[in-house]
Structure formats: structure tokens, C-alpha cells
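Here's the structure we're looking at; comments come further down.
Numbering (the UniProt record's numbering), first residue to last: 1 to 151.
Encoded structure:
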């Protein structure tokens, strides 16, 4: 049985039905299947015009998926890799900054749960949180233990 080839538009809608994509990411995925005469940029413009493709929704989705596990620098870096910039990035940055200490504490609590007893254990916990993209101040606050009400 011969399998029918999907059009670029059908393929784009298939990708967008599973999760939000950035314009840059969707263009990269579709360009593999573009044949001569296909205009990927025109298709992306059409999808944005009909609100099927949205950078704002993509950015919110990515932040929602990543913020519970990663720090600000890691989430913002991933957003920039996907082509999110300008005012949208600044808004997301300020929103993430407000919750960074709380998120760092939650990640620390899930992974370790107890205040480090010696320098070696403290270093291990600090490296873990720093590799996750949390700032120095958020890491220090998380390692103190305690509740979120202290600050």
C-alpha cells in the first residue's frame, strides 16, 4: 500500500497539534520536507495570521514546562535559542525572577531535602542547583532550608 505524502501545511498542523512550536523550530522541521516551489516562510506567515502559530503561546508553554525544574538562566537561554527576544523576553524574565527562590527551594527539597552537614555536601548541592540554571542568591536561599515565608 502506498503511503500518501503530507503537504507542508498538513505537516505543520500535525506538529502544532501535539505542542506549541516556535517559528524558528517549525521552520527548521518543515524545511526538511520542502520541495522546490514550496515557500516555508509564507506558510509560517499564514499560520501566524490565523493564530495557529504564536511566539507568545510558545514562550508561555516553554516557561510552564521548564520553570519547575530549571532556573532563570537555563529557561531564558532556551527561549533565546528558539528565537524569542525583545519585550516578550523581558516580561518573562521579570516573571521568572519573582519566583526563582521558591522554585530553587522546591527543586532542592525534591532532590536533597536536608540542610548540608559539611562542606562537601554543601558543594554538591550548590553545583546541582547552579547547573540547573539558578542564580547564586537563589541557591544560597535554598540551601538555608526554611520556609518561603522567611523572605
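Beta carbons are placed, not taken as given, at the ideal position from N, Cα and C, and that holds for glycine. Just so it is clear, the structure is predicted and the values come from calculations on it, not from any experiment.
Pair within 8 Å by beta-carbon distance, residue i and residue j
i: residue 12; j: residue 62; result: no
i: residue 71; j: residue 115; result: no
i: residue 83; j: residue 23; result: yes
i: residue 40; j: residue 31; result: yes
i: residue 44; j: residue 26; result: yes
i: residue 108; j: residue 125; result: yes
i: residue 96; j: residue 75; result: yes
Exposure label - residue i; buried when at least 16 CB within 10 Å
i: residue 79; result: buried
i: residue 172; result: Nothing can be reported for residue 172, as the shown portion of the chain is limited to 1 through 151.
i: residue 51; result: exposed
i: residue 133; result: buried
i: residue 91; result: exposed
i: residue 117; result: exposed
i: residue 138; result: buried
i: residue 42; result: exposed
i: residue 10; result: exposed
i: residue 105; result: buried
i: residue 64; result: exposed
i: residue 36; result: exposed
Closer than 7 Å: residue i CB and nearest the ligand HEM heavy atom
i: residue 33; result: Summarising the ligand content, the structure contains no ligands, and the ligand HEM is consequently not present.
Boundaries (first-last residue) of the alpha helix (DSSP H) holding residue i
i: residue 39; result: Unbroken run through residue 39: none, as it is neither H nor E.
i: residue 28; result: 23-31
i: residue 159; result: Since the first and last residues shown for the chain are 1 and 151, residue 159 lies out of range.
Chain D contact for residue i (CB, 8 Å cutoff)
i: residue 25; result: The structure shown has no chain D; it contains just one protein chain.
message = Suppose only complete runs of 3+ residues qualify. What are the beta strand (DSSP E) ranges in the UniProt domain "RecX second three-helical" (56-91), listed by chain order?
response = none
request  = Tell me the start and end of each unbroken alpha helix (DSSP H) in the UniProt domain "RecX third three-helical" (98-143) that is at least 4 residues and wholly inside, in chain order.
outcome  = 119-131, 136-143
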